[in-house]
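Notes follow the structure.
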């Protein structure tokens, strides 16, 4: 799917993210794969915390006959039922520098299709510049 949409994909980073999510927070992690009996057609990876469902990643075969859209609607319905209609389904960040509306539409098309409401949020970027922090109770001076 990443190649088809012209997106960069780093297998090692993705693997670490998926495995890490299952190890660190298995009780909140949600991975769903829609099969046609023989092969995977679409997938959804996310987290459920309280009334919130966080869409982390998803993908599908190019010719999936609507299975990807059906899976997304099932996940929205699950969130609705799980919270008696109080759910927030958080669909994630769109990187406009790599987003191509002509190739699949991505999250923007999905957001339009399900008539979303926008909520104010923030993007936080962490950068590590190297070095080792001193242990608690130690001095930086020599």
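Residue numbers (this note's numbering): 31 to 172. Every residue, glycine too, gets a C-beta built ideally from N, C-alpha and C.
Those residues which DSSP pairs with residue i across a bridge
| i | result |
| --- | --- |
| residue 64 | 72 |
| residue 89 | 73 |
| residue 156 | DSSP output for residue 156 lists no bridge partner at all. |
| residue 84 | 77 and 120 |
Secondary structure of residue i, DSSP reduced to three states
| i | result |
| --- | --- |
| residue 54 | helix |
| residue 172 | For residue 172, the predicted structure reports a pLDDT of 44, less than 50, and the residue's modelled location is therefore unreliable. The matter cannot be settled from this model. |
| residue 42 | helix |
| residue 47 | helix |
Start and end residues, alpha helix (DSSP H) containing residue i
| i | result |
| --- | --- |
| residue 105 | 97-112 |
Contact check, residue i vs residue j, beta carbons under 9 Å
| i | j | result |
| --- | --- | --- |
| residue 72 | residue 88 | yes |
| residue 55 | residue 81 | no |
| residue 105 | residue 74 | yes |
| residue 98 | residue 46 | no |
| residue 96 | residue 85 | no |
| residue 101 | residue 90 | yes |
| residue 60 | residue 43 | no |
| residue 58 | residue 79 | yes |
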